[in-house]
Each structure stands twice: as structure tokens, then as C-alpha cells.
Amino acid sequence: MKITDILKKLRELAANSADQGTLFERFVTQYLRATRIYGEFKDIWRWSDWPLNQEQHDTGIDLVALTESGEYWAFQCKFFDPNSKVSKQDIDSFLSASAVNFTDEEGKTRTFSARYVVATCEISSNAYQTMNAQTIPANFISAEQFDLSGINWDIFWDQFTEQASGTVQDARVAPKELRPHQQRAFNDVLHGF
Numbered sequence: 001m002k003i004t005d006i007l008k009k010l011r012e013l014a015a016n017s018a019d020q021g022t023l024f025e026r027f028v029t030q031y032l033r034a035t036r037i038y039g040e041f042k043d044i045w046r047w048s049d050w051p052l053n054q055e056q057h058d059t060g061i062d063l064v065a066l067t068e069s070g071e072y073w074a075f076q077c078k079f080f081d082p083n084s085k086v087s088k089q090d091i092d093s094f095l096s097a098s099a100v101n102f103t104d105e106e107g108k109t110r111t112f113s114a115r116y117v118v119a120t121c122e123i124s125s126n127a128y129q130t131m132n133a134q135t136i137p138a139n140f141i142s143a144e145q146f147d148l149s150g151i152n153w154d155i156f157w158d159q160f161t162e163q164a165s166g167t168v169q170d171a172r173v174a175p176k177e178l179r180p181h182q183q184r185a186f187n188d189v190l191h192g193f
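Residue 165 in our numbering sits at position 165 of the sequence shown, with consecutive numbering throughout.
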């Protein structure tokens, strides 16, 4: 199974565009937990569930992640037609909302250390330039990058559909093991130094 198959299934599962957005947010949450490409997270919340959102309505931030090092990252999820592009207007509210300070549980003023737009399509050149001009890093994750993450999508999908809030740590592709002759050569190189 490929990421295009997963995205098609998500579209088929959703009753409407709001459901598509919710499913995609859940997908991105599970994806971030399953891959180590972007870091390791202590927790990931939907914006409405984030304890520090100060009871604000969703103004562009869909997910907030707390990294193992104590940083907060903001994510916006765009479940668009694969033939469309994320425009500058599509991300303006996210970039504004995620650039504002917030107060953490210890009463300290914080900012998001990193910001990501995650989309099922490509990004327009104007949106890309706007993201690159940000003081707080703003990055783009496309559907193409999902396929490069080393996730076994068959396992991921099975776990995604079975577990409403579980993680998919086991969906990562197992590392390849050296064949016996490769292991001998590897050991010889190590002992030669």
C-alpha cells in the first residue's frame, strides 16, 4: 500500500469535508508518532485539546506537539485535492496564530519553536516564499514525503483503523540486517581500525 491509497481511503471514509479534515489531523498525529524524521514527541494534541490554548477557537493551528526537549511545535493540516496547491492565503492565519506568544504551565512566556504545514498536495511559490521568510522556522511536509518516511503503510492503516487513539510505533519498517558475508566484512573493517 502507498500513501496515495491511504489518502484515497481517508477521503472515502469521510462523510464531508469537515470529517476529512478531522481524519487527516488524526492521520498526521499518528504519522508523527510513527516516524522519527521530525523528532520524538512527548505528546501531540489537537488544538482544541491542547491544555495551553487559552480556550481560543481554532485560528489556523490544527495540532500542537511537545517535543522530548520541551519545545512546542505547531502544525496545520491541509487535506486538499492532490492536483491543487496550498496558497499563501491558505496558510496566512496559521503563520499569524503560530507566531503569537503563549503562557506555559509554569507561567513562562513561550513561542512555537517550529511550525509545519502538512498537506496532501504541493505548495504554491508564494506560500513557499512566505514560509521561508519567517523568523520562526516554517516547514512544509507533502504527501510525497510521507512515502519517504520508511513506514509500512499496510501496518499503519490496520492500526489507524483499529485504534482510535493508539500509536503506530510498530508501523516503521524494520531495519535491514546484514547478510552473513556482509557482517564478516563489516567486522573485518571494524577490527582493522
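Note that CB positions come from ideal geometry on N, CA and C, so glycine has one too. Predicted, not measured: the structure shown is a model, and the values here were computed from it.
{"Query": "Measuring CA to CA, which of E122, S124 and E68 is closest to G39?", "Result": "E68"}
{"Query": "How long is the line joining the alpha carbons of A74 and I3, rounded to whole angstroms?", "Result": "23 Å"}
{"Query": "Among the residues of its own chain, which have a CB less than 7 Å from the CB of D104, if the five just before and after it don't count?", "Result": "L52 and R110"}
{"Query": "Based on the DSSP secondary-structure assignment, which residues constitute the bridge partners of Y128?", "Result": "Bridge partners of Y128: none, in fact."}
{"Query": "Are the beta-carbon atoms of I91 and V117 separated by less than 9 Å?", "Result": "yes"}
{"Query": "Give the range of the beta strand (DSSP E) segment to which D194 is assigned.", "Result": "No answer is possible for residue 194: it lies beyond the span of the chain, which begins at 1 and ends at 193."}
{"Query": "Identify whether K8 lies in helix, strand or coil by the three-state DSSP scheme.", "Result": "helix"}
{"Query": "May I ask you to check if the CB of G60 is nearer than 8 Å to at least one heavy atom of the ligand ZN?", "Result": "Among the ligands in the structure shown, none appear at all, so the ligand ZN cannot be discussed."}
{"Query": "For the beta strand (DSSP E) containing T67, name the first residue and the last one.", "Result": "L63 to T67"}
{"Query": "Within 10 angstroms of the Cβ of V189, are there 16 or more other Cβ atoms? Answer buried if so, exposed if not.", "Result": "exposed"}
{"Query": "Given S165, which residues of its chain have a CB within under 8 Å of its CB, disregarding the five upstream and five downstream residues?", "Result": "Residue placement at S165 cannot be trusted, given a pLDDT of 41 that sits under 50; what the coordinates show is reported in the next sentence. Excluding positions up to five away in sequence, the list is empty."}
{"Query": "If you follow the alpha helix (DSSP H) that I141 is part of, which residue opens it and which one closes it?", "Result": "No alpha helix (DSSP H) holds I141; the beta strand (DSSP E) holding it covers A138 to I141."}
{"Query": "Where does D43 sit, in a helix, a strand or coil, going by DSSP?", "Result": "strand"}
{"Query": "Tell me whether T35 is buried or exposed, calling it buried when 16 or more other Cβ atoms sit within 10 Å of its Cβ.", "Result": "buried"}
{"Query": "With a cut-off of 8 Å on the beta carbons, I'd call C121 and F80 a contact; round off their distance for me.", "Result": "5 Å"}
{"Query": "If R46 sits next to E71, beta carbons under 8 Å apart, how far is it from one beta carbon to the other, in whole angstroms?", "Result": "Going by Cβ atoms, the distance from R46 to E71 rounds to 19 Å, so no, they are not a contact pair."}
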